[in-house]
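Numbering (the working numbering), first residue to last: 3 to 130. First the structure, in the form of structure tokens, and then the observations on it.
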């Protein structure tokens with residue numbers, strides 16, 4: 003269920019990144035005798051990496067806090083942090099535990115965003 007919900011958030015940045023790619027690079031690689039799989043890994047994938055990273059962040063951030071889809075589809079067997087936070091806060095009214103879970107969720111979401119910002123700053127340095 004989560005895959006169907008967040009698939010557009012991954013496809014759109016990836017499509018945008020691939021649309022901006024210069025196709026003459028792949029054509030030049032084919033003219034020089036490069037196999038298609040090697041052309042993909044050496045040309046297409048590195049050029050589409052910004053779209054992959056942006057799509058991963060756009061999917062990861064809301065999917066971590068998801069509580070409706072796991073509750074509807076998974077029942078009580080699945081344990082996700084968003085569902086746990088919802089159950090502790092609204093179901094059990096255990097606010098200290100729910101605040102601890104919320105802080106953990108905040109850390110889980112902040113650390114990848116910080117790495118992404120550092121990578122973006124490094125990529126925008128002169129000489130890169």
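Idealized CB from N, CA, C, for every residue including glycine. No experiment lies behind these values; they were computed from the predicted model shown.
For residue 18, the CB contacts under 8 Å within the same chain, skipping 5 residues up- and downstream, are 53 in chain order. Nearest C-alpha to residue 84 among 43, 100, 42: 100. Cβ-Cβ distances below 6 Å link residue 112 to nothing in the same chain once the five nearest sequence neighbours on each side are left out.
The continuous stretches of alpha helix (DSSP H) do not include residue 24, and DSSP gives it neither H nor E. Beyond the five residues adjoining it in sequence on each side, residue 63 comes within less than 7 Å, by CB distance, of 111 in the same chain, given in chain order. By the Cβ-count criterion, residue 13 is exposed, with fewer than 16 other Cβ atoms from all chains shown falling within 10 Å of its own Cβ. DSSP assignment within the region 43 to 86 yields the following whole alpha helix (DSSP H) runs of 4 residues or more, N-terminal first: 47 to 66. Between residue 31 and residue 45, the C-beta spacing is below 9 Å. Distances from the alpha-carbon of residue 20 to those of 96, 34, 49, 67 put 49 closest.
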